[in-house]
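Residue numbers (this note's numbering): 43 to 469. We put the CB at the ideal spot given by N, CA and C, even for glycine. Keep in mind the model is a prediction, meaning the values are calculated, not measured.
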Ligand code: GDP
Ligand code: IMO
Ligand code: MG
């Protein structure tokens with residue numbers, strides 16, 4: 043019956059892991075539908091902190107079936123070490139299902155991600171270097187190796203040989219790197235195959251049957267709306283579709299199954315890597331946000347760029363995704379400020395824009411038009427209900443809700459599982 047999608051509304055790292063985990067008790071399946079181990083989703087349960095990259099956050103809820111959908115690109119070595127890391131902490135991945143149609147990240151994808159970034163120099167995207175772009179490139183070019191190929195050593199050998207026949211030419215002749223030995227890759231991937239076999243499934247069929255039986259399926263996005271290959275700040279984006287439209291394609295369930303589209307929205311804005319970011323603060327205020335919010339990358343450890351809340355972006359995310367509810371995270375980080383600027387529009391070469399400008403050039407020229415909202419001094423990390431929040435924090439939430447154009451149904455007041463104010467049920 044119901045399927046809900048959970049999407050990042052900004053440039054990623056909005057707190058999707060925490061939000062998914064919170065819903066873990068109410069859902070039966072949690073499905074990652076795109077991206078790969080470029081994602082870093084943090085969940086804090088009691089005094090335990092988990093950083094998940096490829097495994098769906100549902101792995102941490104014992105009654106949930108975690109699923110890696112067909113739209114994901116999988117680095118099998120990383121997946122297995124993530125599984126082993128959790129096993130060492132007493133968390134079993136036995137229930138994990140992996141789509142037979144998901145694509146594999148191969149050693150040449152990682153090599154190419156690194157050399158192409160170096161080649162771009164100042165124009166680099168600032169990727170996570172995990173081979174994501176080259177893996178999706180091969181998928182679209184119909185040169186990809188899929189999870190199901192692990193089940194047929196003959197096919198796997200052939201596919202690796204064909205791929206490396208071309209990629210080794212590029213690595214050696216264009217980038218002056220060493221080629222990759224097909225036999226070594228085959229041996230490595232056959233070893234992965236042995237361990238992954240029991241998890242491989244027709245996950246689209248499994249999810250369809252589950253929905254028919256009235257089970258609840260939650261689709262967990264990686265990255266965020268502004269990193270979407272079509273709707274993000276191209277070319278400074280990732281190579282997949284994190285937006286809600288991509289969720290159906292990446293999970294193999296039709297759009298008319300979706301009942302809720304939950305956007306995860308940070309109370310301010312962050313971004314990792316290159317690309318335009320109108321409200322970015324490069325001064326000591328930005329540094330204060332970084333330190334207070336702990337804005338350091340979960341995957342690469344890079345400093346996250348920080349800035350004020352951008353309502354133009356939020357409105358855009360509401361429209362592109364069809365957001366039905368927002369989960370506003372990290373409100374607690376803003377405690378202690380006298381006044382909080384919020385970007386309500388852009389000034390582009392003297393012209394006011396209430397929507398994201400149509401061209402990349404104009405977006406690069408966008409200067410935020412700020413409105414200032416009164417801050418609050420109280421610590422809100424123990425708030426349990428909306429009424430527990432100081433009046434100015436309540437007003438800040440209401441203002442963001444008004445500007446974003448969708449109801450804020452939950453508010454994060456700390457990283458912990460229980461540090462959430464639920465205004466209305468999300469499922
Ligand atoms: P994701 O990639 O969207 O899952 O987000 P990340 O895990 O990369 O980054 C979000 C960070 O914020 C993590 O360290 C979370 O533990 C933390 N976090 C999430 N929600 C809240 C919140 O409401 N308040 C605070 N202080 N931290 C939060
Ligand atoms: P989660 O799921 C923030 C960014 C990279 C780079 C661009 C392209 O934790 O929100 P890629 O390696 O995907 O080709 O890099 O996208 N990026 C993320 N930024 N959070 C993420 O994931 C990201 N995944 C990729 O920094 O700018
Ligand atoms: Mg993250």
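- Out of 111, 269, 368, 277, which has the shortest C-alpha to C-alpha gap to residue 468? 368
Check your understanding: If we call anything under 7 Å between Cβ atoms a contact, is residue 417 one with residue 375?
Key -> Note that the C-beta distance between residue 417 and residue 375 is not below 7 Å.
**Asked** What's the C-alpha gap between residue 157 and residue 49?
**Response** 31 Å
For the structure I just gave you, are there three or more beta carbon pairs, one from the stretch 210-219 and one from the stretch 152-169, closer than 8 Å?
yes
Between the CA atoms of residue 457 and residue 422 - distance to the nearest angstrom
12 Å
Q. Any heavy atom of ligand 1 closer than 6 Å to the Cβ of residue 340?
A. Indeed, a heavy atom of ligand 1 lies less than 6 Å from the Cβ.
- prompt: residue 137 and residue 316 look like a contact to me (Cβ under 8 Å); what is the Cβ gap, rounded to whole Å?
  reply: With a Cβ gap of about 38 Å, residue 137 and residue 316 do not count as contacting.
- Proximity winner among 463, 353, 411, relative to residue 52 (alpha-carbon distances): That would be 353, whose Cα lies nearest to the Cα of residue 52.
Beta carbon of residue 360 nearer than 7 Å to that of residue 447:
yes
| message | For ligand 3, I want to know if residue 55 counts as a neighbour, meaning its beta carbon is within less than 6 Å of at least one of the ligand's heavy atoms. | response | The answer is yes for residue 55.
Quiz prompt | Any non-hydrogen atom of ligand 3 within 6 Å of residue 82 CB | solution = Yes; taking the cut-off as 6 Å, the Cβ of residue 82 has a heavy atom of ligand 3 nearer than that.
request  = For residue 144, I'd like the list of residues in its chain whose CB is within less than 8 Å of its CB, leaving aside the five on either flank, ordered along the chain.
outcome  = 110, 111, 112, 113, 114, 115, 116, 188, 189
Leaving aside the five residues before and after residue 272 along the sequence, list all residues of the same chain whose C-beta is less than 7 Å from its C-beta, in chain order.
-> 283
| query | Which runs of the alpha helix (DSSP H), 4 residues or longer, sit entirely within the stretch 242-283? | reply | 245-254
- Query: Do residue 355 and ligand 2 come close, with the Cβ less than 6 Å from some heavy atom?
  - Reply: no
Practice item. Can you tell me the Cβ-Cβ gap for residue 314 and residue 339, rounded? I've got them flagged as a contact below 8 Å. Key: That pair is a contact at about 5 Å.
| Alpha carbon to alpha carbon, what distance is there between residue 246 and residue 191? | 18 Å
*Would you mind reading off the limits of the alpha helix (DSSP H) that contains residue 287?*
286-293
Examine ligand 2 and report whether any of its heavy atoms sits within less than 6 Å of the Cβ of residue 314. For ligand 2, at least one heavy atom lies less than 6 Å from the Cβ of residue 314.
Rounded to whole angstroms, what's the CA-CA distance from residue 320 to residue 406? Just pull it up for me. 8 Å
Q | Close-in-space but distant-in-sequence residues of the same chain around residue 426 (CB under 7 Å, 5 per side omitted) | A | 463
Point to revise | Local Cβ density within 10 Å of residue 56, reported as buried at 16 or more and exposed below that | key: buried
For my contact list, residue 175 and residue 147 are in at a C-beta cut-off of 8 Å; report their separation, rounded to the angstrom. Incorrect: roughly 10 Å between the Cβ atoms, too far for contact.
Practice prompt. Assign residue 397 to one of three DSSP states: helix, strand, or coil.
Written response: coil
What does the alpha-carbon distance come out to for the pair residue 73 and residue 391?
43 Å
| request: Within the stretch 97-155, note down every full beta strand (DSSP E) run reaching 3 residues or more, in order along the chain. | output: 107-110, 139-141
Note to self: Could you tell me the alpha carbon to alpha carbon distance between residue 153 and residue 169, rounded to whole angstroms?
What the structure shows: Between the C-alpha atoms of residue 153 and residue 169 there is a straight-line separation of about 13 Å.
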